[in-house]
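Chains as they are written, first to last, in our numbering: chain A, 179 to 406; chain B, 179 to 406.
Number of protein chains: 2
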Amino acid sequence: MKPPPDSSQDTRQRLLEAAVLLFAQKGFDGVGIREISQKAQANSALVQYYFGSKEGLYLAAMSFLFDQGIDSVAALPAPPSLDEPEAFAKALDCLKGYIHAFLEELFACHDPAKCSRELQSAAHLFWTRELMEPAAGRVDIILGHVRPYADYLAACIRVLRPDLAEDAQFLMGSSIHAQIMFFHRDMSMISLLRGSAYGPQDVGTLATHITEFSLRGLGLGNTLQGVQ
Amino acid sequence: MKPPPDSSQDTRQRLLEAAVLLFAQKGFDGVGIREISQKAQANSALVQYYFGSKEGLYLAAMSFLFDQGIDSVAALPAPPSLDEPEAFAKALDCLKGYIHAFLEELFACHDPAKCSRELQSAAHLFWTRELMEPAAGRVDIILGHVRPYADYLAACIRVLRPDLAEDAQFLMGSSIHAQIMFFHRDMSMISLLRGSAYGPQDVGTLATHITEFSLRGLGLGNTLQGVQ
DNA sequence: TTAGGTTAATCAATCGATTGATTGAGTCAA
DNA sequence: TTGACTCAATCAATCGATTGATTAACCTAA
């Protein structure tokens, strides 16, 4: 019965979402609190009121973003343990699903300014940006977001190549992650070199390529015949 | 017989080199011309005198950097053409050499602040940074630097997998480039997840891993038996 | 129900600091 | 003298942050 309450948390939320998009696009130094407040249709003083400082808003934006982004990995079936029956086949499915889900998440929208699922993909811009110049205090937030991804992939590889040493398994996982993220991060360069960009409609193609390339790279090329 | 001439071009050069290192580290918005001038032991007004503006200095720094960085690729033997005798074996060697040379260049120094060959590796920080938010006018400079790399790898793959369509060949090249750059760009994350970072002493290990992973990924796993 | 008091939320105005850029005087070799 | 070069001083603009006033909602005693 109440008219739009429009109370505190609404404005705070608008500031947070505007901050997420602008920080992801332009970085911490690239945006001012005036621009953020304007996009959020709020007063710039509210940044200090709600978040203490511009840095506080930045940290809040990252946390806000990562807290609701883990879904795509958590939604996948848990990777099997080594002694589980049919562990190998399950790990294979997990790996394929992981590659596809990760790509889907990244390509939900490549341009955060034009997409409704913009928040989902903006998280990885923070990820990339923060890892280029890690700042004290921010590292933990990023790491908390990254670790589930790394752990999931590592668990798959542990089952698929239990004969490898841990170092070698880590290298394998890195090679796979490298490919997944490359097609998102370096889209600008790909677009320039290739003439056109990969978009959400290419997720299937990219997932297939990365999966096949990586399974062969893992030394499991024989498993491709029976499946592909 | 002259005491340090300290003439114009010397100051200009000092500004350029200071700009390269600081811009690569902190990005365009992260550094001020005062900080750059101080590091270069020059007056901040000289930025306008020599380069017109801060942006002019930034562009000059990128050009300066990329003009002298192509050596590492140009030093490699030219990739063979398709009809050349022993083209396959040559392309194989070129690919291996390329992966190693590229990694060597990237890992010449990971921390541009502490390294004598700092300029070499700083170029790729520009590369990564610029591709995240491409600005008009800067894209061409980056592309001019990237293209020789992309072309070299593409030429190798064309010989190694002539049966593939051009699109598929591009995907193969992307998967290889993705791995090479991942271990450099995401060193911060790797260091956090793995406990320690890869350094210049690990170039051999990384090159071997990427080469083997990629050759299997390319569907050339059989060639590894005879070599590795 | 009403009047007075308390609180959180929001605002315009302004702060000191820093930014990139400009100026005009100065230096020094040719 | 001339012209290329360098400097301290200064500019307007913008930055993040602070302030004091204003609004609206709720609580409570009369």
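Just so it is clear, CB atoms sit at the ideal spot from N, CA and C, and this is done for glycine as well.
Smallest Cα separation from residue i: which of the options?
| i | options | result |
| --- | --- | --- |
| residue 317 of chain B | A/364, A/359, A/282, A/198 | A/364 |
| residue 326 of chain A | A/244, A/223, A/360 | A/244 |
| residue 262 of chain A | A/232, A/337, A/255 | A/337 |
| residue 241 of chain A | A/346, A/369, A/324, A/401 | A/324 |
| residue 300 of chain A | A/191, A/274, A/339, A/195 | A/195 |
| residue 265 of chain A | A/383, A/340, A/216 | A/340 |
| residue 236 of chain A | A/206, A/344, A/372, A/377 | A/206 |
| residue 187 of chain A | A/203, A/220, A/202, A/234 | A/220 |
| residue 210 of chain A | A/375, A/370, A/232 | A/232 |
| residue 367 of chain B | A/225, A/372, A/348 | A/348 |
| residue 383 of chain A | B/346, B/313, B/208 | B/346 |
| residue 311 of chain B | A/284, A/378, A/208 | A/208 |
| residue 344 of chain A | B/378, B/192, B/371, B/342 | B/371 |
| residue 378 of chain B | B/191, B/284, B/399, B/398 | B/284 |
| residue 250 of chain B | B/313, B/398, B/275, B/216 | B/275 |
| residue 216 of chain A | A/229, A/230, A/279, A/192 | A/192 |
| residue 313 of chain A | B/314, B/313, B/204 | B/204 |
Does the beta-carbon of residue i have 16 or more other beta-carbons within 10 angstroms, so that it is buried, or is it exposed?
| i | result |
| --- | --- |
| residue 396 of chain B | buried |
| residue 394 of chain A | buried |
| residue 253 of chain B | exposed |
| residue 227 of chain B | exposed |
| residue 256 of chain A | exposed |
| residue 223 of chain A | exposed |
| residue 239 of chain B | buried |
| residue 260 of chain B | exposed |
| residue 218 of chain B | buried |
| residue 356 of chain B | buried |
| residue 286 of chain A | buried |
| residue 294 of chain A | Low confidence applies to residue 294 of chain A: its pLDDT is 44, below 50, so where it sits in the model is not reliable, and the reading given next is rough at best. Counting Cβ neighbours within 10 Å, residue 294 of chain A comes out exposed, since fewer than 16 surround it. |
Excluding five sequence neighbours on each side, which residues of the same chain lie with their C-beta closer than 6 angstroms to the C-beta of residue i?
| i | result |
| --- | --- |
| residue 282 of chain B | 381 |
| residue 308 of chain A | 316, 320 |
| residue 214 of chain A | 196, 197, 200 |
| residue 225 of chain A | 211, 235 |
| residue 373 of chain B | none |
| residue 369 of chain A | 375 |
| residue 273 of chain A | 334 |
| residue 229 of chain B | 235, 238 |
Could you have a look at residue i and say whether DSSP puts it in helix, strand or coil?
| i | result |
| --- | --- |
| residue 356 of chain A | helix |
| residue 316 of chain B | coil |
| residue 218 of chain A | coil |
| residue 275 of chain A | helix |
| residue 376 of chain B | coil |
| residue 290 of chain B | Its pLDDT being 49, under 50, residue 290 of chain B is placed unreliably in this model, and the coordinates cannot settle the point. |
| residue 409 of chain A | No information on residue 409 of chain A is available, as it lies outside the stretch 179 to 406 that chain A covers here. |
| residue 364 of chain B | coil |
| residue 261 of chain A | coil |
| residue 209 of chain A | coil |
| residue 284 of chain B | helix |
| residue 339 of chain B | coil |
| residue 311 of chain B | coil |
| residue 231 of chain A | coil |
| residue 396 of chain B | coil |
| residue 192 of chain B | helix |
Starting from the C-beta of residue i, find all residues in its chain whose C-beta is less than 8 angstroms away, skip the five residues before and the five after it, and write them out in chain order.
| i | result |
| --- | --- |
| residue 277 of chain A | 354, 358, 385, 388, 389, 392 |
| residue 351 of chain B | 328, 331, 332, 335 |
| residue 401 of chain A | 270, 393 |
| residue 279 of chain B | 250, 251, 253, 254 |
Residues in the same chain with beta-carbon distance under 7 angstroms from residue i, minus the five sequence neighbours each way, listed in chain order, please.
| i | result |
| --- | --- |
| residue 322 of chain A | 244 |
| residue 360 of chain A | none |
| residue 269 of chain A | 257, 258, 334, 337, 338 |
| residue 202 of chain A | 290, 300, 303, 304 |
| residue 292 of chain A | Any answer about residue 292 of chain A is weak, because its pLDDT of 45 lies below 50 and its placement is not dependable; what the coordinates show is given next. Here the set comprises nothing. |
| residue 398 of chain A | 338 |
Inset, instruction - Pull out every residue of the stretch 190 to 221 of chain B whose Cβ sits closer than 8 angstroms to any Cβ of chain A, in chain order. - result: Answer in chain order: 203, 204, 205, 207, 208.
Legend entry - Contact list for the stretch 346 to 363 of chain A against chain B, Cβ threshold 8 angstroms: Cβ contacts with chain B: 346, 348, 349, 350, 352, 353, 355, 356, 357, 359, 360, 361, 363.
Inset, instruction - Name, going along the chain, the residues of the stretch 296 to 319 of chain B whose beta-carbon falls closer than 9 angstroms to a beta-carbon of chain A. - result: Those residues of the stretch 296 to 319 of chain B placed with their C-beta closer than 9 angstroms to a C-beta in chain A are 303, 305, 306, 307, 308, 309, 310, 311, 312, 317, ordered along the chain.
Legend entry - Members of the stretch 378 to 393 of chain B near chain A, C-beta cut-off 9 angstroms: Cβ contacts with chain A: 383, 384, 387, 388, 390, 391, 392, 393.
Inset, instruction - Please name the residues in the stretch 223 to 241 of chain A whose beta-carbon is closer than 8 angstroms to at least one beta-carbon of chain B, in chain order. - result: Residues passing the 8 angstroms Cβ filter: none.
Legend entry - Residues in the stretch 324 to 337 of chain B having any Cβ partner in chain A nearer than 8 angstroms: Answer in chain order: 324, 325, 328.
Inset, instruction - Could you run through the stretch 363 to 374 of chain B and flag, in chain order, every residue whose CB is less than 8 angstroms away from some CB of chain A? - result: Going along the stretch 363 to 374 of chain B in chain order, one finds 363, 364, 366, 367, 368, 370, 371, 372 with a Cβ nearer than 8 angstroms to chain A.
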